[in-house]
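Residue numbers (the numbering used here): 4 to 529.
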């Protein structure tokens, strides 16, 4: 019995010795697994860290390429230039990771361009790199990290509308010229797809052009507008050989002026979107020569043309050169700074003020219906409207001295022989009609996404909009121009442009920034 117990005890001890050996093997295997897992985690963390660093560098490079492409609008920015810039930004944004910096070179960087629409381009910066495990002795793996930016660039057109009224003395016009030239330079410089029009204004806007004045006045005039009935007596019998208003002997044409008009009734908005052919009437100034002694004049015997009738009491009548029609004509959209400077130099003091008429012509300078030989003569500009939000930007930038107590209520706002719409009764009704005219015009601008910026001068708090007649009558209507981020109305604390040149310059810089905001952007999308 004792022998049996001894044998069983020996067998049990041998079994435990054998199992302890087997347990050690499992323990070793477990430790190896933990080591391998740890190595994998360490290598994975290293690879992930490298990828994160490269992603940040690729983001910075893509944004840099996008901004440079925007500033140059693709001019002088080749594929090689884009790749070189991307490489510089990737390399400088790798931080303290010297190993990664040594591993990458320019050949690992590529830049591809895409296009989502005419106004939206994309640039993708791709970075290829290899991850080499440090602890695990396995083959390296290739990775590619990429970042994409969207570059939004919209060609921009601006009509710069400047007063040439009797208030603008030689000193005032000198300031306006400086402001205009600086604005044009800043707006056009380095932007090949930008154009600027100049719209000098007084009571109206001249569209005279030395090269084609005769064809313009004939082609743009309504049938019968060159021989209005109230001037029948003039055309029948005069000493100048004048057969119609297109005659070179007419006082305005002799002084190189041409002021046309259409769409004066409420809601017509000067038909600024309509093509010019066969749609205008011709302004002329029936007045005494003594009221404009420096202007050419003609005289004849006939009825008073102000009544719009062919018959009436005959007397000596006069037509004189229209001092409300500026010497400096509208300059259509251009990127020629010399032409802009020359037109600014032509500006002279004129007569009274009509803001709405100037706004109408500013809009016509941007209207695509005036494109081509039948319009302003340019086959490409003005561009189409930005109806779907992906096209170009059109803006009106207008200045005015708003210290006066009379504007937009004269005969320029009415057809010959007719009362001014709403102004015939005078008083508050006339002011209400002027306000409605501004509001209607502004609503038509917003319907076409035209931006409108107005800078006025008048002494006092720039934020006090109701003190002057302009603030009470024009501003309530003009505010419709600035709805939905469509521009703004600002005032400088001064009674003159010369007293506020610095303020106005800052306001114009702000307008340029706002136009840039509307016309261009760079954003990271991947």
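Each residue gets a CB set at the ideal place from its N, CA and C atoms; glycine is no exception.
These figures come from a predicted structure and were not determined experimentally.
| Query | Result |
| --- | --- |
| Strand pairing of residue 303, partner residues [DSSP] | 320 |
| C-alpha distance - residue 139 paired with residue 133, whole-angstrom precision | Per-residue confidence for residue 139 stands at a pLDDT of 48, beneath the threshold of 50, marking its modelled position as unreliable; no derived number is given. |
| Residue 266 beta carbon less than 9 Å from that of residue 272 | yes |
| Coil, strand or helix - residue 496 by DSSP | strand |
| Beta-carbon proximity check, residue 489 vs residue 473, cutoff 9 Å | no |
| DSSP state of residue 175 mapped onto helix, strand, coil | helix |
| First and last residue of the uninterrupted alpha helix (DSSP H) at residue 92 | 82-95 |
| At least three beta-carbon pairs within less than 8 Å, the segment 221-238 to the segment 177-194 | no |
| Where residue 279 sits in the DSSP three-state scheme | coil |
| Contact between the segment 157-170 and the segment 400-408 (3+ Cβ pairs under 8 Å) | yes |
| Residue nearest to residue 68 in terms of C-alpha spacing, selected from 119, 112, 323, 373 | 112 |
| The segment 253-260 contacting the segment 327-337, beta-carbon criterion three pairs below 8 Å | yes |
| Pair within 9 Å by beta-carbon distance, residue 388 and residue 397 | yes |
| Three-state class that DSSP yields for residue 515 in the structure shown | helix |
| Backbone CA spacing between residue 188 and residue 336 [nearest angstrom] | 14 Å |
| Which of helix, strand or coil DSSP assigns to residue 528 | coil |
| Pairwise C-alpha distance: residue 383 and residue 92 | 38 Å |
| Residue range of the unbroken beta strand (DSSP E) whose run includes residue 398 | 396-404 |
| Residue 239 versus residue 289 - alpha carbon distance | 18 Å |
| DSSP-derived helix/strand/coil call for residue 199 | strand |
| Stretch pair the segment 54-62 + the segment 143-151: three plus CB contacts closer than 8 Å | yes |
| Sequence ranges, alpha helix (DSSP H) only - wholly within the segment 203-257, length at least 4 | 216-223, 235-239, 254-257 |
| Same chain only: Cβ atoms within 6 Å of residue 395, ignoring 5 sequence neighbours per side | 157, 158, 386, 389 |
| Top-ranked residue by Cα proximity to residue 237, from 503, 312, 437 | 312 |
| Three CB pairs or more closer than 8 Å across the segment 337-350 and the segment 176-188 | yes |
| Proximal residues to residue 90 (C-beta, below 7 Å), its chain only, five neighbours per side dropped | 109, 112 |
| Residue 366 versus 340, 438, 454, 206, residue with shortest Cα-Cα distance | 454 |
| Straight-line Cα distance separating residue 208 from residue 357 | 9 Å |
| Contact set for residue 452: own chain, Cβ-Cβ below 6 Å, skip 5 residues either direction | 389 |
| Option in 315, 116, 74, 323 with minimal Cα separation from residue 420 | 315 |
| DSSP beta-bridge partners of residue 145 | 133 |
| Neighbourhood of residue 245 by C-beta distance below 8 Å, restricted to the same chain and skipping five residues each side | 237, 238, 252, 253, 301 |
| Neighbour-count burial assignment, residue 528, 16 or more Cβ in a 10 Å radius | exposed |
| Own chain partners of residue 283 with C-beta closer than 8 Å, once the 5 adjacent residues on each side are dropped | 223, 224, 225, 228, 263, 264, 265 |
| Pair within 9 Å by beta-carbon distance, residue 477 and residue 437 | yes |
| Through-space distance from residue 268 to residue 154, alpha-carbon basis | 43 Å |
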